[in-house]
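First the structure, in the form of structure tokens, and then the observations on it.
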Ligand code: GLC
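Numbering (the UniProt record's numbering), first residue to last: 1 to 655.
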């Protein structure tokens, strides 16, 4: 730790880890009860004692406090400092009388000991409107003896096809077993999945942590299987981490930031050799390679929270006061005024799945699509109350502006490309057509070849005098899922994926972006990053996890055959190759140079794709349907756009 940072932490009593206190998740009535300690557990006498004995323990900004709600013990939002004694639970497992700790369990899973499958309890699917439908389709599936696609069994039943089905099922079984092996426990409760379970890897780095973004496909797979506890625990524990004050060289990120990842550590209980407690240790980017803040974490958290409610039918989690506060904190951070002229979120390089320098600083599409989806999802979940009126107003205004900005300025197809090719530049006026002063010479030669006559996509980024024409898969797919792209645009994106299958899918779905940065561009933009060499890792590598987003998008557009083809391609190699994190080369023929094996989100992404193809209607837990008021606002704005009509007057839309 840098000395300045250490000094500030000692002075303020802040530091990077939190001790286990466990809101009673089984109680859905928002009543807080501390899970009592199991064996040999002593209560800490005071917060002060803890601060003196361990300067690495965070004591500030904790969210829950049973006392604050008065005698009813109900949560009433965030609390200040010095209430930890009311919430701390010391965990020691009663397993086999030996006190197996969460870290023991996690160590087994990380490969220090041979892997042992840890059973995850299977909850029967509870009844809710969504789930009843799910049950019916499941039943249909069983009756048909295989998965159904839009109600039809996909195969005619030749021996070859039957063999392939069996093979595919055995891959699925293997994937479930690996996913369950990756589960991480905190105070005996499943709280997430580690990023990779690769015992062959010599350096673990942070792949033994639970990454927020990596857990999303795991969480969705568990939800679709009816295993809700792990998702609920993940949502509530990561929420506790949100309120921490984290600093890097004396500087703290904004309140509301969710960590990129966290680790469960089991540490000895002070003064008692026979007892331990679990500690949640988050990383907000202050330890991450490149020190990048994860802007996508909070957005994914909101999306998962909505999916949890829709799938389980348990709305009590999203209704909790602390969860409502958490949603508002994320929104406030995202909606805060800055210097920007654009409604898109301004972020640094490395703020999302591409978490190192790849020239995506500015307003990258991936973040905008997740932002839009999170805004719509939050609007659905926020309890209407006076205190939120301004926030909801700000959210609605932002939705309109963001929707217009992306649909209009990020969209590119043959027609638009031709328009840019003939742009006039240096237009000083309110009604400029070339608003961002894009010089036509910027059109890269690869794009002239790449752009199909049918199809189009949303570009990667837009800045003054700069369009990043690279195709970024996640941003485009999530724009379809969230309805940030119009219906026509969504179909056109899928048309392009089909037309450019050899470039974007080839031997393993799906390229993270296309094309790769090469030579001088690679040197300047990545800083000569040896991990991001052309057609590897973030620089044009192929990521099997993206299968699940491709599946949701193609199901939403009623074109599941696209996902089906991609899944079949993946099945040819993914299990044999040991579930790599990514593949290298233009056609994805090699397992990535530094790729982890048994990468959890490759496993979970495959499972989600399979589960959704078997039951397409379940995709609605992730989809944001097009909002008619937003669509109308877009139509009015587009008809008033200077591209079509000079003399546009500024209008404001309130939805
Ligand atoms: C890599 C990926 C990032 C992922 C992490 C853990 O850093 O770029 O998106 O979250 O690995 O798997």
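We treat Cβ as the ideally placed atom computed from N, Cα and C, and that holds for glycine.
Spatially closest choice to residue i from the options, by CA coordinates
i	options	result
residue 207	472, 601, 362 and 271	601
residue 219	273, 607 and 247	607
residue 424	441, 298 and 356	441
residue 282	275, 304 and 239	239
residue 347	358, 353, 556 and 367	367
residue 351	175, 253, 514 and 500	253
residue 534	568, 497, 502 and 587	587
residue 469	444, 301, 485 and 482	444
residue 229	189, 400, 196 and 241	189
residue 449	360, 582, 411 and 417	417
residue 215	599, 631 and 639	599
residue 405	581, 458, 158 and 385	458
residue 595	180, 160 and 196	196
residue 540	522, 556, 527 and 277	522
residue 466	514, 497, 430 and 410	410
residue 552	483, 530, 388 and 159	483
residue 711	632, 634 and 597	Residue coverage of the chain in this structure runs from 1 to 655, which leaves residue 711 outside it and unanswerable.
residue 614	429, 165 and 158	165
residue 567	556, 590, 557 and 543	543
residue 176	634, 200 and 224	224
residue 501	550, 340, 394 and 420	550
residue 237	280, 257 and 639	280
residue 337	518, 394, 434 and 426	394
residue 179	162, 529 and 198	198
Boundaries (first-last residue) of the alpha helix (DSSP H) holding residue i
i	result
residue 199	Unbroken run through residue 199: none, as it is neither H nor E.
residue 178	159–181
residue 371	365–381
residue 478	473–481
Check whether residue i and residue j have beta carbons under 8 Å apart
i	j	result
residue 267	residue 184	no
residue 259	residue 294	yes
residue 321	residue 308	no
residue 495	residue 460	no
residue 370	residue 273	no
residue 452	residue 499	yes
residue 659	residue 571	Residue 659 lies beyond the residue range present for the chain, which begins at 1 and ends at 655; the question has no answer from this structure.
residue 261	residue 191	no
residue 548	residue 485	no
residue 489	residue 407	yes
residue 194	residue 182	yes
residue 512	residue 354	yes
residue 398	residue 526	no
residue 278	residue 186	yes
residue 387	residue 299	no
residue 657	residue 326	The displayed coordinates of the chain run from 1 to 655. Any statement about residue 657 would go beyond what the structure contains.
residue 487	residue 497	no
residue 412	residue 438	no
Cβ shell of residue i (< 8 Å), same chain only, five flanking positions each side left out
i	result
residue 383	319 and 324
residue 391	328, 331, 332, 335 and 382
residue 422	440
residue 248	5, 285, 286 and 291
residue 463	362, 363 and 436
residue 315	309
residue 303	216, 370, 373, 374, 377 and 622
residue 173	none
residue 628	none
Residues of its chain near residue i, where Cβ-Cβ distance is below 7 Å and the 5 sequence neighbours each way are ignored
i	result
residue 545	217, 601, 602 and 605
residue 306	377, 380 and 381
residue 124	Reliability fails at residue 124, whose pLDDT of 30 lies under 50, so the model's placement of it is uncertain and the value that follows must be treated cautiously. So the qualifying residues of the chain are 226.
residue 592	536, 537, 541, 580, 581, 582, 583 and 584
residue 630	399, 400, 403 and 655
residue 480	490, 493, 553, 556 and 557
residue 634	403, 404 and 407
Residues near residue i by beta carbon distance below 6 Å, same chain, minus five either side
i	result
residue 554	560, 562 and 563
residue 361	348 and 349
residue 340	346
Residue i: first and last residue of the uninterrupted beta strand (DSSP E) it sits in
i	result
residue 620	No beta strand (DSSP E) holds residue 620; DSSP gives it neither H nor E.
residue 456	456–458
residue 467	466–468
When you compare the segment 499–519 with the segment 568–578, are there three or more beta-carbon pairs, one atom per stretch, that lie closer than 8 Å? yes
Contact between the segment 612–625 and the segment 225–234 is defined here as three or more beta-carbon pairs at a separation below 8 Å; is this criterion met? no
Does the segment 468–477 touch the segment 353–367, meaning 3 or more C-beta pairs lie closer than 8 Å? yes
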